[in-house]
Amino acid sequence: MIDPEKDPLRLDRQVCFPLYAASNLLTRLYRPVLSGLGLTYPQYLVMLVLWEETPHSVGSLGEKLYLDSGTLTPLLKRMEQAGLISRSRDPSDERRVLIDLTPAGRALRAAAEHVPATLMAGFGPAPGGLDTLRDSIRALVAALNAHVAGGPVAGGPAAGGPAAGAAGRGDLPAADPADG
C-alpha cells in the first residue's frame, strides 16, 4: 500500500489543482463586477489586449490569451454583435481577420478602469504578496510554454518514462502537445 503522504495521485499533492481552483474562484469574483459592463471574463481579457493595442489578428489574440480559434471565433462574434469590436480582412493578407475596437469598445475602457481596484479590495489591505504570486505564475507559464514547445514532459509517457507504453518506445508517434 502506498503511504498517503507520498502518494503521487493525491489531489492535495498536485500542482494543477490549486491553480485550477484559484482560476475558477477568480473568474467567479470577476463575474459580478464584469456583468455591470456587459462582459464575460473571456470578453474582458480580449478587451484588455485590444485596449493595449489594435488591431490584432484572430491568431495573435488566440496566442496571447491561450484560446483556440474554435473558442475565440464565437466569442468575437458575440462581441461584434454587442458593438464592441469590428472584424475585417487584412488588406495585405485576405486570409487573416483583424479585430479592432469600435468607438463603444474604446469608450468601455473608462468604465472598466475600476475593475482591478474593485477586485483587489477583496484581498484586504495588504495584497503585496500578489505581485510576487503573479511573477511566480508568469515564470510557471513560461516554463510550461517551453515544455509545450519542446515536446513531451521529461519522464512522461511519450518521453519514455515509467508509464511510457508503446508511445515511449517509439512504436507509435508521440502525441502532439497542441492536441491536448
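Using the numbering used here, the first residue of the sequence shown is number 1, and each one after it goes up by one. Virtual Cβ for every residue (Gly too), placed ideally from N, Cα, C. Since this is a predicted model, take the numbers as computed values, not measurements.
For this session: Tell me, please, which residues DSSP counts as bridged to Ile99.
Result: His56, Arg87
For this session: To the nearest angstrom, report how far apart Trp51 and Arg109 are at their CA atoms.
Result: 7 Å
Exercise. In angstroms, rounded to a whole number, what distance separates the CA positions of Glu63 and Ser69?
Worked result: 10 Å
Problem set entry | Minimum C-alpha distance to Leu84 - residue among Lys77, Glu94, Gly105 | Gly105
For this session: From the DSSP output, in three-state form, read off Ala159 for me.
Result: At Ala159 the pLDDT is 47, less than 50, meaning the model places this residue with poor confidence and gives no usable figure here.
Problem set entry | Cβ shell of Tyr44 (< 8 Å), same chain only, five flanking positions each side left out | Tyr30, Leu34, Leu37, Ala112, Val115
Exercise. Would you call Met1 buried or exposed, if buried means 16 or more other Cβ atoms sit within 10 Å of its Cβ?
Worked result: exposed
For this session: Identify whether Asp7 lies in helix, strand or coil by the three-state DSSP scheme.
Result: coil
Exercise. Where does Glu63 sit, in a helix, a strand or coil, going by DSSP?
Worked result: helix
Problem set entry | Cβ shell of Pro71 (< 7 Å), same chain only, five flanking positions each side left out | Checking the sequence, you will find Thr at residue 71 rather than Pro. Cβ neighbours of Thr71 beyond the five flanking positions: none.
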